[in-house]
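Participant: Residue numbers for the sequence shown follow the numbering used here, beginning at 10 and rising by one.
Where is the CB? At the ideal position from N, CA and C, for every residue including glycine.
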Amino acid sequence: MEGFPARGYGTGGADNRPLFGETSARDRIINLVVGGLTTLLLVVTLISAFVFPQLPPKPVNVFFAFCISLCCISAGILIYWYRQGDLEPKFRNLIYYILFSIVMLCICANLYFHEVDK
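The following block contains the structure:
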């Protein structure tokens with residue numbers, strides 16, 4: 010196929026974007042870092058809900074952690090569908106937004122559990 014010129018598809022140059030379902034190394038690293046930090050913060054929040062400020066845990070702390078876990082289930086389903094190729098790449102921004110919301114909920118929960126306001 011040496012005799013055929015590279016097509017630009019109206020982009021002004023060769024179109025070397027990944028095809029649908031393929032991700033670049035940079036995207037994979039970003040996904041792993043964001044997912045890892047969110048998971049770490051979620052685990053810390055769940056442990057804090059049951060341990061702090063004393064044992065036995067306060068029911069409101071457990072309920073707060075349960076609600077955050079429910080949010081994580083929906084994010085996990087979206088991530089699973091995205092990795093399977095069932096979602097378009099534009100949903101990646103929605104997944105990042107949901108993970109950011111979960112991180113903010115975890116920070117609020119940890120501040121509440123550790124009674125930072127007092």
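Does DSSP put F61 in a helix, a strand or coil?
Facilitator: If DSSP states are grouped into helix, strand and coil, F61 belongs with coil.
Participant: Closest to I77 by C-alpha separation, out of Q63, D36 and L55, would be which residue?
Facilitator: Ranking the options by Cα distance to I77, first place goes to L55.
Participant: Out of K99, N102, L51 and R101, which one is the CA nearest neighbour of M113?
Facilitator: Considering only alpha carbons, the answer is L51.
Participant: Which residue spans inside the segment 66 to 90 form an unbroken alpha helix (DSSP H) run of at least 4?
Facilitator: If we require 4 residues or more, the segment 66 to 90 turns out to have no alpha helix (DSSP H) run fully inside it.
Participant: Based on Cα-Cα distance, which residue from Y121, V60, Y105 and A118 lies nearest to V43?
Facilitator: Taking only the C-alpha atoms, the option nearest V43 is Y105.
Participant: Going by DSSP in three states, G45 sits in which element: helix, strand or coil?
Facilitator: Here G45 sits in helix by DSSP.
Participant: Can you give me the Cβ contacts of F88 inside the same chain, cut-off strictly under 7 Å, excluding the 5 residues immediately before and after it?
Facilitator: Residue 88 is actually Ile in this sequence, not Phe. Closer than 7 Å at Cβ, skipping near neighbours: I104.
Participant: Less than 6 Å between C-beta atoms, sequence neighbours within five positions excluded: which residues of the same chain meet that for P66?
Facilitator: The answer, listed in chain order, is F59.
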